[in-house]
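**Q** Let me give you the structure first, and then I'll get to my questions.
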Amino acid sequence: MSSPFLVKDIFLGFSSSPGGLTVVGNTLFFWANDGVNGVELWKSDGTAAGTVLVKDIEPGSSGSNPSYMVPHIFNNCYN
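Numbering (this note's numbering), first residue to last: 3 to 81.
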């Protein structure tokens, strides 16, 4: 087992307060605050270059505050 390490400093000098760690395939999705976009959805492939903001869903510094992430796709079909 390897020791934990910082992949990318998202909010330089401050805590990005990451949460909601959810793995889908080989990608880790999580929410974090970069100090510019507020709390938004991020993804990482385990490299600094591959750790990126997915989308600024709610523009502005307050962010979209994603939550309740699960590694499943739900499909409701109706007649």
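Just so you know, even glycine gets a beta-carbon here, dropped at the ideal spot from N, CA and C.
Report back the beta-carbon spacing between GLY65 and ASN35 to the nearest angstrom; my notes put them in contact at under 8 Å.
**A** Along the sequence shown, one-based indexing puts residue 65 at 63. Along the sequence shown, one-based indexing puts residue 35 at 33. Going by Cβ atoms, the distance from GLY65 to ASN35 rounds to 7 Å, so yes, they are a contact pair.
**Q** Express the C-alpha separation of ASN39 and GLU60 in angstroms, rounding to a whole number.
**A** Stepping through the sequence shown from its first residue, residue 60 is reached at position 58. Stepping through the sequence shown from its first residue, residue 39 is reached at position 37. Approximately 8 Å between the Cα atoms of the pair.
**Q** Just tell me which of ALA50, LYS45, GLY52, THR49 has its CA closest to the CA of PRO68.
**A** Start at 1 with the first residue of the sequence shown, and residue 68 comes out as number 66. Looking at the Cα atoms, LYS45 is the closest of the given residues.
**Q** Among the candidates GLY48, SER19, VAL41, whose CA atom is the shortest distance from the CA of GLY27?
**A** Here residue 27 corresponds to residue number 25 of the sequence shown, with the count starting at 1. Taking only the C-alpha atoms, the option nearest GLY27 is GLY48.
**Q** Please look up how many angstroms separate the CB atoms of THR24 and VAL72, rounded, as I've assumed it's under 8 Å.
**A** Here residue 24 is taken as the residue at index 22 of the sequence shown, counted from 1. Here residue 72 is taken as the residue at index 70 of the sequence shown, counted from 1. So it is a contact: roughly 7 Å between Cβ atoms.
**Q** Identify the residues that DSSP records as bridge partners of ASN67: which are they?
**A** As a position in the sequence shown, residue 67 is number 65, starting the count at 1. ASN67 pairs with nothing; no bridge assigned.
**Q** For SER63, I'd like the list of residues in its chain whose CB is within less than 6 Å of its CB, leaving aside the five on either flank, ordered along the chain.
**A** Numbered from its first residue, the sequence shown carries residue 63 at position 61. Only GLY40 meet the Cβ criterion.
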